[in-house]
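Numbering (this note's numbering), first residue to last: 712 to 898.
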């Protein structure tokens, strides 16, 4: 469940902005202020003790509500909006102006290849599975309700405070054998 969008500031100092105005359009990517959405999973920190809630600009904070994740990106479940003009979704702007992604990203992925999240964790998270790109496409085609996009889910964790985590990587052959033996994990 997403809250009304909060705002996280991604802007440069005024002098840098003036510098960008002098450069020919599209030669340097610009940085925009985004209005981002939260996810209120029960494992998140509640109220103003949550870093996610603290990052919401101009929003009232419900002290009884868990603010687990702040999402920045084009995911359909909680898309970011750009804070100029009519507050258009970032996805729409990137579809109309794909060069904003830069040539490398555009040529390699064709779209924004990640969902940036800030987590504020109070309790252990559930076990998660992150398919590779090919498997993600297959899962999305087969079950778009539970797999709303066809992107893979690689993750990088940068801890802003102490964190205890249990993680594991398994070989593809082991996982294939496991899922063949226990198909209920797969379906």
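Glycine included, every Cβ here is placed at the ideal spot set by N, Cα and C.
Mapping the DSSP letters down to three states, classify residue i as helix, strand or coil.
i: residue 825; result: coil
i: residue 863; result: coil
i: residue 809; result: helix
i: residue 844; result: helix
i: residue 757; result: strand
i: residue 786; result: coil
i: residue 832; result: strand
i: residue 745; result: strand
i: residue 721; result: With a pLDDT of 30 at residue 721, under the threshold of 50, the predicted position of this residue should be treated as unreliable, though the coordinate-derived value follows. Note: residue 721 maps to coil in three-state DSSP.
i: residue 894; result: helix
i: residue 878; result: coil
i: residue 781; result: strand
i: residue 770; result: coil
i: residue 750; result: strand
Should residue i and residue j be called a contact, given that it needs their Cβ atoms to be closer than 8 Å?
i: residue 822; j: residue 836; result: no
i: residue 772; j: residue 764; result: yes
i: residue 754; j: residue 838; result: no
i: residue 850; j: residue 858; result: yes
i: residue 793; j: residue 743; result: yes
i: residue 829; j: residue 781; result: yes
Considering only the alpha carbon of each residue, which of the options lies closest to residue i?
i: residue 784; options: 860, 888, 848; result: 860
i: residue 802; options: 745, 776, 853; result: 745
i: residue 790; options: 885, 812, 756, 825; result: 825
i: residue 756; options: 775, 884, 853, 810; result: 775
i: residue 872; options: 752, 761, 768, 856; result: 761
i: residue 876; options: 867, 769, 812; result: 867
i: residue 878; options: 891, 840, 889; result: 840
i: residue 769; options: 891, 747, 886, 864; result: 747
i: residue 777; options: 759, 798, 766, 811; result: 759
(message) Under 8 Å: do the stretch 840–859 and the stretch 800–817 share three or more Cβ pairs, one atom per stretch?
(response) no
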